[in-house]
Amino acid sequence: MQTSIIPQLRDTPDGEEADRILRACTHCGFCTATCPTYQLLGDERDSPRGRIYLIKQVLEGETPTQKTQMHLDRCLTCRACETTCPSGVEYAKLADIGRDLVEQQVQRPFHERAIRFLLRHIVAYRNRFAFFFHLGHFFKPLLVGPLAPLKQKMPPRRKALEWPKTETATRTMLVLDGCVQPVAAPNTNAHAARIFSQLGVRLVAPKASGCCGALSQHLSHREEANDFARRNIDAWWPYIEDGAEAIVLTASGCGASVVEYGHMLRNDAEYAEKAARVSELARDLSDVLAQEDLSQLGDLGHGRQVAYHPPCTLQNAPQLHDNVAEILAQAGYKLTHVRDPHLCCGSAGTYSILQPTMANELRENKLASLNAGEPDVIVTANVGCQLHLESASGVPVRHWIELLEPSAAA
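Numbering (UniProt numbering), first residue to last: 1 to 410.
And the structure:
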């Protein structure tokens with residue numbers, strides 16, 4: 001694709017990267033076949049190819065409108081398009097650049113700005129989110145009438161499990177606690193720590209670490225996302241220097257962000273080298289466990305039917321590897337057939353809040369596919385998908401790591 005980026009953008013880091021990405025696109029349209037929003041709406045502007053054209057126009061000096069913003073907002077950033085593109089177009093990176101440019105030129109209505117502000121300043125901070133999470137549960141009985149749908153969106157309270165004592169562990173790995181997961185699904189990392197303990201590995205979650213930065217990144221506050229990345233790098237670095245083998249990501253949405261730290265901070269003289277090392281060490285939970293001897297865990301499933309929803313971030317982020325199905329099968333579970341596993345469930349970080357109509361339709365379609373095989377339980381590998389599916393599922397939805405603990409597998 002030929003480009004003519006305006007001079008004030010052309011020689012900037014964003015302009016150079018956008019130009020490189022755009023020139024790789026051949027307008028073939030293969031991406032439309034795997035795009036969830038195009039499948040639902042049938043509008044070229046709600047396909048990756050259409051959005052690439054919209055971003056190109058802005059880069060070339062055309063003034064964006066609220067319609068431009070709307071079509072970019074509707075993108076889930078699921079990256080399914082990247083897996084089918086024969087030219088290797090890095091669409092997600094281009095989408096971040098395009099959204100940022102449009103955000104600078106198109107003022108959102110007040111209510112949209114307010115919601116986005118609250119998401120960035122509450123959800124991304126673990127303690128603030130915990131306060132409002134518990135406050136919401138306190139007032140839950142009052143959510144009736146037009147407020148009743150809010151009950152459905154509210155994740156249930158879960159009693160936190162204790163982490164194992166690992167004085168005898170000979171190996172150390174880090175794990176990201178994040179922002180939402182320790183509040184809404186506090187036992188995911190606890191279950192992981194218990195499994196690793198059986199393998200002689202001490203799993204450490206430094207208290208100073210926090211949000212991975214994905215929320216800010218996708219809400220067009222990329223420097224804020226970079227600050228979250230720096231904070232996590234600072235929290236992890238002493239352990240890395242002491243020989244931590246890996247940074248284990250139990251939420252693939254966070255994993256897709258952490259593996260990009262090297263790219264995000266490539267122009268930061270102080271952090272570039274550290275960020276690149278962090279990206280190298282970052283691995284999905286299933287990828288780490290696939291390299292370990294899990295035979296000692298025995299037959300936990302006893303043929304129980306499990307429907308697995310692979311999150312988009314685990315399927316499509318190039319540096320992450322999905323071994324969940326193989327691990328569950330090895331543990332004795334029977335994986336049901338799920339139609340169209342590549343299609344997004346509609347969670348997509350804050351998407352289910354900012355684009356509820358689209359998100360709910362995608363969830364309905366996904367649950368129909370997952371429930372077709374009449375599973376005993378639905379599992380996934382990302383907290384966002386777990387909470388989004390759980391809010392409308394008649395079948396229990398859990399993080400897959402829970403099924404590897406005898407006490408939780410029943």
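Quick reminder that beta carbons are idealized off the backbone N, C-alpha and C, glycines included.
Just so we're clear, the structure is a prediction, and the values are computed from it rather than from any experiment.
Distance, residue j Cα to residue i Cα
i	j	result
residue 122	residue 13	30 Å
residue 259	residue 322	14 Å
residue 226	residue 108	23 Å
residue 392	residue 232	33 Å
residue 276	residue 356	36 Å
residue 335	residue 110	46 Å
residue 304	residue 294	19 Å
residue 379	residue 358	22 Å
residue 180	residue 189	12 Å
residue 270	residue 206	21 Å
residue 350	residue 131	19 Å
residue 105	residue 69	10 Å
residue 91	residue 278	23 Å
residue 387	residue 65	33 Å
residue 291	residue 174	16 Å
residue 234	residue 209	8 Å
residue 341	residue 354	23 Å
residue 27	residue 127	46 Å
residue 332	residue 302	5 Å
residue 364	residue 137	25 Å
residue 191	residue 9	48 Å
Sequence-distant residues of its chain with Cβ nearer than 7 Å to residue i (five each side left out)
i	result
residue 140	151 and 154
residue 194	164 and 405
residue 31	47, 48, 49, 81, 84 and 85
residue 325	308 and 335
residue 286	322, 323, 324, 327 and 381
residue 252	284, 311, 313, 314, 320, 381 and 382
residue 385	309, 311, 345 and 347
Cβ shell of residue i (< 6 Å), same chain only, five flanking positions each side left out
i	result
residue 37	46 and 74
residue 197	164 and 166
residue 255	249, 284 and 320
residue 228	211 and 213
residue 20	none
residue 29	49
Residue i - partner residues in DSSP beta bridges
i	result
residue 397	378
residue 334	305
Simplified DSSP state of residue i, which is helix, strand or coil
i	result
residue 307	strand
residue 282	strand
residue 59	helix
residue 19	helix
residue 37	helix
residue 322	coil
residue 344	coil
residue 14	helix
residue 44	helix
residue 31	helix
residue 350	coil
residue 290	coil
residue 384	helix
residue 25	coil
residue 405	coil
8 Å Cβ shell around residue i - same chain, five flanking residues per side excluded
i	result
residue 373	305, 307, 336, 337 and 338
residue 95	51, 55, 72, 75 and 77
residue 239	172, 174, 204 and 206
residue 244	172, 173, 174, 204, 236 and 281
As an exercise, report each continuous beta strand (DSSP E) stretch of at least 3 residues that is fully enclosed by the region 68 to 121, in chain order. none
Give, in chain order, every unbroken run of the alpha helix (DSSP H) that is at least 4 residues long and sits entirely within the region 193 to 270. 214 to 218, 222 to 241, 252 to 258 and 261 to 264
Which whole runs of the alpha helix (DSSP H) in the region 128 to 189 are 4 residues long or more, in chain order? 148 to 153 and 181 to 184
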